[in-house]
Amino acid sequence: MALLQTNTWHRISTILFFLVFLLYGRAYCIRGPSRIVESSKIPSSDQSLKTAVFALGSFWRSEAVFGCLDGIVRTTVGYAGGSRLNPEYRSLGDHAESVRVEYDPKLTSFRQLLEVFWSSHDSRQVFGQGPDVGKQYRSIIFTNGTEESRLAAVSKEKEQLKSRGSAVTTQIQQLGAFYPAEAEHQKFELKRKPFLLQLMGNLPEEELEMSTLAARVNGYAADLCSPKTQKQIDAKINDIIRKGWPILREK
């Protein structure tokens, strides 16, 4: 009987806690599933959005780095830069692990994304990134058109001047095919935090991959948001807990 009461109380607590989340979780992109689905309906062909693709080591971390930035609408990890058709995680051939970023140019720019790219990895490291070794972790800026190529080249020159003699290994390539990675690799950092997934309503995989909120919280889960944003989201979650538990006690 005690076990039954405990399980029942756990289920009720979970439901009520998530209802409180829906009521209060609006600031800093902490929103309920109805809003998530709404934002997910933005078509990838929306002419108001732009797309950028970068390779800077493990795509699990790369997606988290960009997901927490203002102006980012969606993030997708995948494979790019190689010639193999339909690559997979265990057989990606000559592709690099990459992240595709869809962004609102009214809120951020390719130039700003380049700044984040350079500051988020060691562009001088050869044949890998951090503890990850292999050509799939190489550094690449993928470009769309001559203007992006120019901006990428200028930014690389500036980075080279700061490198104090060490060669910057980053490649600049025109973007060819981008192959989205398998579902288990999308929003990887978020999926490692069941509590955060629960707060989001345990979204179906397709909605999770397309969600602006999921991109943001994926960065938060990896502790890669700016200190200001990290503290703001911390405060919002703590506020949800503080306001939620008195309601649960009254029940």
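Letter 247 of the sequence shown, counting from 1, is numbered 253 in the numbering used here, and no numbers are missing. Note that beta-carbon positions come from the ideal geometry of N, C-alpha and C, so glycine has one too. Please read these numbers as outputs of a predicted model, since none were measured by experiment.
Indicate the three-state DSSP secondary structure (helix, strand or coil) for residue i in the structure shown.
i	result
P233	helix
F133	coil
Q204	helix
T114	coil
T175	coil
K249	helix
D240	helix
K56	strand
A33	Legend: pLDDT at A33 = 32, less than 50; position of this residue unreliable, no value from coordinates given.
Spatial neighbours of residue i within its chain, please: CB distance less than 6 Å, with the 5 preceding and 5 following residues excluded, ordered by chain position.
i	result
E153	none
P93	Y85, G99, H101 and Y185
K234	none
E68	It should be noted that the sequence gives Ser, not Glu, for residue 68. The answer, listed in chain order, is L62 and V105.
T82	R106 and P186
P137	none
Buried or exposed: where does residue i fall if 16 or more other Cβ atoms within 10 Å of its Cβ makes it buried?
i	result
L214	buried
K133	It is worth fixing the name first, because residue 133 is Phe in this sequence and not Lys. F133 comes out exposed.
F60	buried
A227	buried
V105	buried
V107	buried
R117	exposed
L160	The sequence shown places Val at residue 160, rather than the Leu named in the question. By the 10 Å Cβ count, V160 comes out exposed.
S64	buried
I253	Residue placement at I253 cannot be trusted, given a pLDDT of 29 that sits under 50; the coordinates are not used to answer.
R144	buried
Q135	buried
L167	exposed
I246	buried
S129	buried
W173	The displayed chain sequence assigns Ala, not Trp, to residue 173. Its Cβ having fewer than 16 others within 10 Å, A173 is exposed.
R103	Residue 103 is actually Glu in this sequence, not Arg. Burial call: buried.
K249	exposed
Q142	buried
L205	buried
L181	buried
Ordered along the chain, which non-local residues of its own chain (more than five positions away) have a Cβ less than 8 Å from that of residue i?
i	result
Q179	G87, I146, I147, F148 and T149
R198	A227
Y95	A187, E188 and H191
D229	Q236
L120	I147, L157, A158 and S161
L55	I48, V79, E108, Y109, D110 and P111
G140	F133 and G134
Q177	G87, R144, S145, I146 and I147
Who are the Cβ neighbours of residue i in its own chain at under 7 Å, not counting the five residues just before and after it?
i	result
S126	L62 and V71
F123	F60, L62 and I147
A52	Inspection of the sequence shows that residue 52 is occupied by Asp rather than by Ala. Closer than 7 Å at the Cβ level, and outside the excluded window around D52, lies no residue.
P210	none
L202	L196, V223 and A227
Suppose only complete runs of 4+ residues qualify. What are the alpha helix (DSSP H) ranges in the region 141–166, listed by chain order?
Listed in chain order, there is nothing to give.
Does the region 207–227 touch the region 63–79, meaning 3 or more C-beta pairs lie closer than 8 Å?
Short answer: they touch.
Start-end ranges of the alpha helix (DSSP H) lying completely within the region 61–124, minimum 4 residues:
DSSP runs (the alpha helix (DSSP H)) wholly in the region 61–124: 65–73.
Pair every Cβ in the region 191–205 with every Cβ in the region 112–119, then say whether three or more of these pairs are closer than 8 Å.
In this structure the region 191–205 does not lie against the region 112–119, because fewer than three pairs of beta carbons, one per stretch, are closer than 8 Å.
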